[in-house]
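In what follows, a single structure is set out as structure tokens and then discussed.
Residue numbers (the UniProt record's numbering): 1 to 63.
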């Protein structure tokens with residue numbers, strides 16, 4: 001996917017969007033839009049963590 005820095009930036013951008021959306025929805029965490037964006041953010045975080053693990057594996061094999 002992206003490099004780790006770009007993934008971190010995208011996660012932070014989406015986290016901010018989620019925060020603003022929750023405020024706009026008056027804290028309604030059951031709102032479908034909130035759930036959809038939250039699930040999207042979850043997928044981004046999982047992809048980021050997988051990328052970190054892969055990077056660490058490659059680094060271990062190079063040593």
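Every residue, glycine too, gets a C-beta built ideally from N, C-alpha and C.
For clarity, every value in this text was computed on a predicted model and none was experimentally measured.
{"Query": "Would you give the residue range spanned by the alpha helix (DSSP H) that residue 56 belongs to?", "Result": "32-62"}
{"Query": "If we ignore side chains and look at the alpha-carbon of each, how far apart do residue 39 and residue 61 end up?", "Result": "33 Å"}
{"Query": "Hey, how far is the Cα of residue 11 from the Cα of residue 31?", "Result": "21 Å"}
{"Query": "Which same chain residues end up closer than 8 Å to residue 4 when comparing Cβ atoms and leaving out the 5 residues on each side of it in sequence?", "Result": "48, 51, 52, 55"}
{"Query": "Is the Cβ-Cβ distance between residue 21 and residue 33 less than 8 Å?", "Result": "yes"}
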